[in-house]
Amino acid sequence: MNLDDLRVFAAVAGERSFSKAAVRVGRTQPAVSQAIRRLEDAVGGQLIDRAQRDGTLTQAGVLLLDYADRLLRMAEDAQAAVTELREVERGRVIIGANEAAVHVLLPLIGGYLASHPRVQIDVRRVSARTMAQELQQRHIDMGVLTFPPADRELTSLTLATDELVLLVPPRHPFARRASVPLDEIGRQPIIAHNDPSPARERVLRISEERHAPLNIALSLPSLDGIKRAVEQGLGVAILPRRCALSEIAQGQLHAVRVTELKTLRRIRLVHRRSGALSAAAAAFIEHARAASARTPISRP
235 MNLDDLRVFA AVAGERSFSK AAVRVGRTQP AVSQAIRRLE DAVGGQLIDR
285 AQRDGTLTQA GVLLLDYADR LLRMAEDAQA AVTELREVER GRVIIGANEA
335 AVHVLLPLIG GYLASHPRVQ IDVRRVSART MAQELQQRHI DMGVLTFPPA
385 DRELTSLTLA TDELVLLVPP RHPFARRASV PLDEIGRQPI IAHNDPSPAR
435 ERVLRISEER HAPLNIALSL PSLDGIKRAV EQGLGVAILP RRCALSEIAQ
485 GQLHAVRVTE LKTLRRIRLV HRRSGALSAA AAAFIEHARA ASARTPISRP
């Protein structure tokens, strides 16, 4: 039983005629008859009710047609998927990132889609802890991290830099200061993201080391929600500066440096050193590399 014979059988079932099916698949009528006989020999029974002379399927034929349709669709999907590996224009790129990383990715994606408008970009929420595993298992093509990957089979390129800052509303007393230490921040109600991340862990670790506990008064599931809560005066928040560039530029929020968190973080695009990448994914990495080379690494 092979796909070519199943394709012929599906044509006979659809046309209800051997001669019409022969025209549809571009074969002679004897060749169509031979394909049906091979299938009947394989299943051990008739697929077409010859007595009816109208292409009526037997019970076995109806059952086989259902499987034949599914197998033929799967074959078409497989062929299309393999074709996408070679063609940039109709490919798909899957990127793993957390919510903060999306702010860095969007300009990059915009530039890429300008050159490859038919490529589909799928950005999936992936935590830093599971990024390496998702890459190795090929669930994603690349991911965004703020630290170099430990896995030797992975490599990265720097997209940009960022820093953790304290976001406050414009009339907050801290808004007039250049920097604030953690012990003073700890006396303010803190609005935090309730999704664990390396940045959150770093802040908590440093606050513990400096004996400056933070007063987390409100936890929210999104960065946008955190920014809106700060604007409304519900508290202050320590977030990556790039998450709030628009609000800072419009004066809705002020960014104040945290004395203990002045180290710049490098935002990295991480991918496998080897292994099959679709042409679309490979082109995205090259676009990111070119964009990184054009942009000097400096404070955001």
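To get our numbering, take the position in the sequence shown, counting from 1, and add 234.
All residues carry an ideal CB built from backbone N, CA and C; glycine is no exception.
Query                                                                                                        : Result
Strand pairing of P394, partner residues [DSSP]                                                              : It should be pointed out that residue 394 corresponds to Ala in this sequence rather than to Pro. Bridge partners of A394: I501.
Per-residue DSSP class, three states only, for M376                                                          : strand
Uninterrupted alpha helix (DSSP H) stretches inside the stretch 399-431 (no shorter than 4 residues)         : 416-419
L452: first and last residue of the uninterrupted beta strand (DSSP E) it sits in                            : 449-454
Any non-hydrogen atom of the ligand COA closer than 8 Å to R476 Cβ                                           : Although the ligand COA was asked about, the structure shown includes no ligands whatsoever.
Limits of the unbroken alpha helix (DSSP H) element including A362                                           : No alpha helix (DSSP H) contains A362, which DSSP labels as neither H nor E.
First and last residue of the uninterrupted beta strand (DSSP E) at I472                                     : 471-474
Own chain residues within Cβ distance below 8 Å of R421, not counting five before or after                   : N449
Nearest-angstrom Cα separation, counted from G325 out to R372                                                : 16 Å
Same chain only: Cβ atoms within 6 Å of F408, ignoring 5 sequence neighbours per side                        : V402, V414, V490
Proximity to K461 [Cα-Cα], best of R444, V277, G485                                                          : G485
Buried versus exposed, by CB contacts within 10 Å (16 or more), D311                                         : exposed
Secondary structure of H350, DSSP reduced to three states                                                    : coil
C-alpha distance - T364 paired with L388, whole-angstrom precision                                           : 13 Å
V399 and R475 closer than 9 Å at C-beta                                                                      : yes
H488 classed as buried or exposed, judged by whether at least 16 other C-beta atoms fall within 10 angstroms : buried
Boundaries of the beta strand (DSSP E) in which A489 is found, first to last residue                         : 488-492
Spatially closest choice to D356 from G330, H350, L379, by CA coordinates                                    : G330
Selected residue, minimal CA-CA separation from V470, among A265, P404, A256                                 : P404
C-beta contact flag for V492 and L369 at 9 Å                                                                 : no
G289 versus V266: straight-line alpha-carbon distance, rounded                                               : 13 Å
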